[in-house]
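Following: one structure in structure tokens, then a few remarks.
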Amino acid sequence: MIKIDYSNQKDTRSGFGAGMVELGKTNPDVVALCADLIGSLKLDKFIENHPERFFQCGIAEANMIGIAAGLTIGGKIPFASTFANFATGRVYDQIRQSVAYSGKNVKIAASHAGLTLGEDGATHQILEDIGLMQMLPGFTVINPCDYNQTKAATIAAANHQGPVYLRFGRPKWPVFTPEDQEFVIGKAWKISEGKDVSIFATGHMVVKAIEAANQLEEQGISAEVINIHTIKPLDREAVIESVRKTGCAVTAEEHQRLGGLGSAIAQVLAEEHPVPLSFVAVQDSFGESGTTEQLLTKYGLQASNIVEAARSVISRK
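Residues 4 to 320 (the working numbering) are what the sequence shown spells out, left to right.
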């Protein structure tokens, strides 16, 4: 049983800010762009240390993506940052044409993703961004689970050649990964061994998956929990190896059921090793205003929902 220390919580966007501070010290080519959300993206310290390497683009996200693409031509590594809704849906044409199609080394840093944005409501709670970004040829899509992993992922994104979508969130969330972790893009992290069901989770839902595994253990069910922090490229080997052992799987994500982690896992299993599979995700709807926990409960993204899904797929083996 894995214990989560709920007294140790930090927002994942602060992990991005910490990663940028580290990159500011170690990589002179890294520059930051922001669409009038410096405080929300936790860029204050980077700007204080490297004012000449920051570009305030204002509320002009499409222009920010164009500037970022241009900066790569001169060898810079731009992190274009704003809320996830504006970083993807609002500027999809610019991302597709100027970044993906052109193969530019742009890093899109997207905060306030998913339902856990909370009270700002449905217009800001993008639940389609993973699907949008993983469909773009050549894009890497990363969705880390806590502060430490977001910091490590930010540094790894800078060292990766090619466009990256880095997704993180607003609320304070339990920190449970090691500070000195090695973040390998495309390599899943097996958190716990299990033999009865595989639980593949991403982002904030990794903690919920751990909670669910602990509850299942109390019921005599052994759950294997795997953190899929990189949705594209997906660690196919880790997915297949796990389900060959357990014979069934559950996916858990703070995203629409269609187009996200669940869809990616389902495609791999359909091609390689079909097993009973259940999806814990938002069921084809928009969000609404509410607290983080209220929304996770209403939209079926709590540990209890993962437990229910796990018991269901086990019964279908």
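Just so you know, even glycine gets a beta-carbon here, dropped at the ideal spot from N, CA and C.
Give the range of the alpha helix (DSSP H) segment to which residue i is assigned.
i, result
"residue 173", "Segment: none, residue 173 is in no alpha helix (DSSP H) and carries neither H nor E."
"residue 15", "15-29"
"residue 274", "264-275"
"residue 184", "That residue, residue 184, is in no alpha helix (DSSP H); it is neither H nor E in DSSP."
"residue 50", "47-52"
"residue 295", "295-301"
"residue 307", "306-318"
"residue 215", "208-221"
"residue 248", "239-249"
Locate the beta strand (DSSP E) running through residue i, then write down its first and last residues.
i, result
"residue 233", "233-235"
"residue 190", "It is not in any beta strand (DSSP E) - residue 190 carries neither H nor E in the DSSP assignment."
Which one or two residues does DSSP pair with residue i in a beta bridge?
i, result
"residue 259", "285"
"residue 58", "36"
"residue 12", "177"
"residue 227", "201"
"residue 254", "203, 282"
"residue 80", "33"
"residue 167", "110, 143"
Going by C-alpha to C-alpha distance, which of the options sits closest to residue i?
i, options, result
"residue 198", "165, 247, 180, 236", "247"
"residue 100", "149, 69, 187", "69"
"residue 228", "240, 238, 215", "215"
"residue 135", "289, 225, 153, 88", "88"
"residue 272", "294, 239, 301", "239"
"residue 16", "187, 312, 45", "45"
"residue 40", "56, 12, 84, 7", "84"
"residue 274", "243, 257, 161", "243"
"residue 75", "123, 161, 150, 13", "161"
"residue 122", "290, 14, 64, 319", "290"
"residue 113", "203, 151, 125, 18", "18"
"residue 10", "51, 178, 58, 147", "178"
"residue 219", "54, 26, 256, 314", "314"
"residue 6", "217, 233, 12, 81", "217"
"residue 109", "141, 71, 138", "71"
"residue 190", "232, 48, 300, 176", "232"
"residue 58", "137, 206, 81", "81"
Nearest chain C C-beta to residue i closer than 8 Å, yes or no?
i, result
"residue 259", "Any reference to chain C falls outside this structure, which holds one protein chain only."
Q | Runs of beta strand (DSSP E) lying entirely within the stretch 86-162, each at least 3 residues, in chain order | A | Within the stretch 86-162, the complete beta strand (DSSP E) runs of at least 3 residues are 110-114, 143-145.
(Q) If contact is defined by three or more beta carbon pairs under 8 Å, each pair taking one atom from either stretch, is the stretch 259-268 in contact with the stretch 95-107? (A) The count of Cβ pairs closer than 8 Å, one atom from the stretch 95-107 and one from the stretch 259-268, stays below three, leaving the stretches out of contact.
**Q.** the stretch 195-211 in contact with the stretch 243-258 per 3-pair CB rule at 8 Å
**A.** Under the 8 Å Cβ criterion, the stretch 195-211 counts as touching the stretch 243-258, having at least three qualifying pairs.
Q: Evaluate contact between the stretch 162-178 and the stretch 114-125, counting only Cβ atoms and requiring at least three cross-stretch pairs below 8 Å.
A: Segments in contact, yes.
(Q) I'd like to know if the stretch 15-29 and the stretch 153-165 are in contact, where contact means that at least 3 CB-CB pairs between them fall below 8 Å. (A) A contact is defined here as three or more CB-CB pairs under 8 Å, and the stretch 15-29 meets this definition with respect to the stretch 153-165.
(Q) Counting beta carbon pairs with one atom in the stretch 281-293 and one in the stretch 128-141, are three or more of them shorter than 8 Å? (A) Using a Cβ-Cβ distance cut-off of 8 Å, the stretch 128-141 and the stretch 281-293 are in contact, since at least three pairs of beta carbons, one from each stretch, lie closer than that value.
Q) Is there contact here, the stretch 217-231 with the stretch 30-50, by at least three beta-carbon pairs under 8 Å? A) Touching, no, given that fewer than three Cβ pairs across the two stretches are closer than 8 Å.
Q: Please determine if the stretch 297-306 and the stretch 207-214 are in contact, where contact requires at least 3 C-beta pairs separated by less than 8 Å.
A: By the C-beta criterion, the stretch 297-306 is judged to be in contact with the stretch 207-214, since at least 3 inter-stretch pairs fall below 8 Å.
Q) Taking one C-beta from the stretch 142-152 and one from the stretch 183-195 each time, how about it: are there three or more such pairs within less than 8 Å? A) Three or more beta-carbon pairs drawn from the stretch 142-152 and the stretch 183-195 are found closer than 8 Å, and the two stretches are therefore classed as touching.
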